[in-house]
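**Q** Let me begin by handing over the structure; questions about it come next.
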Amino acid sequence: MTEEERKELLADEWLIVRDSGEIPEITFHATLHYLTEENDGPGLSLNDEELDELKDAAVQRYHEIILRDMNIENFHKSHYRGLRRSLYNWHRCVAFMERQSIKADDFKRRAAKSLLLFIEQGIALAGKGLPENFINCSVLELTELADEFGVSAEKIPSAIEQFCL
């Protein structure tokens, strides 16, 4: 295999991981298996840089789906899962990053802004295009999600429970 063929193969697999479904870690491990161990795979030995790029693709996908479910514009779309799923996916992402020894980046700040915007826009639309209970989790889960992203309790409206399940 030439160096160019290797780069192309790894770029294709990066895209597969980056555009994976709801649990990017599964696709990441399937890709590793294919690239390194599968009988009809290429039988590569990945260097640290190549491995890090695939890990990064999985983390990027986690971030994308977390933000997707904190975007009020997605509320009526079939791929929308809501804040409860953002919380679950955040936990999965953190666990994946810990298992893979990946350092945290600035994602929490982006997520905090998205969460606050979701709440603000959702409250404005509740009962007018969105259900009154547009937040598909409990107040405790919402508080946990906010805390995970560094959003202080003071930034969450005091009457938020009326919009939660």
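Taking the numbering used here as reference, the numbering of the sequence shown is continuous, increasing by one, and the terminal residue is 227. Cβ coordinates follow ideal geometry from the N, Cα and C atoms, glycine included.
(1) Less than 8 angstroms between the CB atoms is what I'm expecting for I185 and I218, so what's the real figure, rounded?
(2) Rounded to whole angstroms, what is the Cα-Cα separation between A92 and A120?
(3) Quick test of your reading: L207 and L145, contact by CB under 8 angstroms. State the CB separation rounded to the nearest angstrom.
(4) With DSSP run on the structure shown, which of helix, strand or coil describes A221?
(5) Based on Cα-Cα distance, which residue from L113, R130, A173, Q224 lies nearest to Q162?
(6) To which residues does DSSP link L192 through a beta bridge?
(7) What residue ranges within the region 127–179 form continuous alpha helix (DSSP H) runs of no fewer than 4 residues, ordered along the chain?
(8) Starting from A92 and walking both ways along the alpha helix (DSSP H), at which residues does that stretch end?
(9) Relative to the alpha-carbon of L179, which residue among D131, R143, T98 has its alpha-carbon at the smallest distance?
(10) On a Cα-Cα basis, can you pick out the residue from T205, F225, I164 that is closest to E216?
(11) Along the chain, where does the alpha helix (DSSP H) containing V79 start, and where does it finish?
(12) Report yes if the C-beta distance between E203 and F225 is below 8 angstroms; otherwise report no.
(13) Output needed for L71: all residues of its chain with C-beta closer than 7 angstroms, excluding positions within five of it in sequence on either side, in chain order.
(14) Comparing alpha-carbon positions, which option in F137, L97, L108, M159 lies nearest F196?
(15) Less than 7 angstroms between C-beta atoms, sequence neighbours within five positions excluded: which residues of the same chain meet that for Q122?
**A** In short:
(1) That belief does not hold up - the Cβ atoms of I185 and I218 are roughly 11 angstroms apart, past 8 angstroms.
(2) 12 angstroms
(3) 6 angstroms
(4) coil
(5) L113
(6) A188
(7) 145–161
(8) 86–98
(9) D131
(10) T205
(11) 65–80
(12) no
(13) P104
(14) F137
(15) R80
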